[in-house]
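Report on one structure; see the data block that follows.
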Amino acid sequence: MDIQPNQFLTSTNERVLTDDGQQGMRGKEGIGSSTERHQGHVAAAIYANCGQLDNRQLEAIIEWVRSYKNGQEGMRENEGVDSSTEQHQGHVAAVIYANCALLNNRQLDEIIEWVRLYKK
Numbered sequence: 001m002d003i004q005p006n007q008f009l010t011s012t013n014e015r016v017l018t019d020d021g022q023q024g025m026r027g028k029e030g031i032g033s034s035t036e037r038h039q040g041h042v043a044a045a046i047y048a049n050c051g052q053l054d055n056r057q058l059e060a061i062i063e064w065v066r067s068y069k070n071g072q073e074g075m076r077e078n079e080g081v082d083s084s085t086e087q088h089q090g091h092v093a094a095v096i097y098a099n100c101a102l103l104n105n106r107q108l109d110e111i112i113e114w115v116r117l118y119k120k
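Residues in the sequence shown are numbered consecutively from 1, following the UniProt record's numbering.
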């Protein structure tokens, strides 16, 4: 599956990643409001890490984002993560934890759709 940075769009069809997969509204690095930058950091983590994950791991990530959307507590530190796919999943989890609290429901829904791009 060949996911490209230009596939990470908001509900208003604005790009959130640069051509090289970094955060940047309208494809321009560093551009965006504070919440748009947070959302872009999550998009960049998804772009960099989700290609190696299986559907079960992708669903777990979707559930973490839904936890923020529903006002539930987020992830907890998990020791002993050692496989390469668990490391990718853990990286996305850390970025979600650091960035999703400030996002609104629309932005969280967009993140869920970006994770779904990788489902097979």
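Beta carbons: idealized from backbone N, C-alpha and C, even for Gly.
What you are looking at is a predicted structure, and each value in this text was computed from that prediction instead of being measured.
Residue closest to residue i, alpha-carbon to alpha-carbon, out of the options
i	options	result
arginine 37	Leu17, Ile61, Val115	Leu17
isoleucine 112	Thr85, Ser84, Gly40	Gly40
Beta-carbon contacts of residue i that lie in its chain and below 7 Å, excluding the five residues immediately before and after
i	result
alanine 44	Leu17, Gly21, Gln22, Gln23
arginine 106	Ser11
tryptophan 114	Phe8, Ala43, Ile46
Own chain residues within Cβ distance below 8 Å of residue i, not counting five before or after
i	result
arginine 15	Pro5, Asn6, Phe8, Leu9, Gly24, Met25, Arg26, Gly27
aspartate 109	Ser11, Lys69
threonine 35	Leu102, Leu103, Asn104, Gln107
Coil, strand or helix - residue i by DSSP
i	result
glutamine 23	strand
leucine 53	coil
Span of the alpha helix (DSSP H), counted from its first residue to its last, around residue i
i	result
valine 115	105–116
Own chain partners of residue i with C-beta closer than 6 Å, once the 5 adjacent residues on each side are dropped
i	result
isoleucine 3	Leu117
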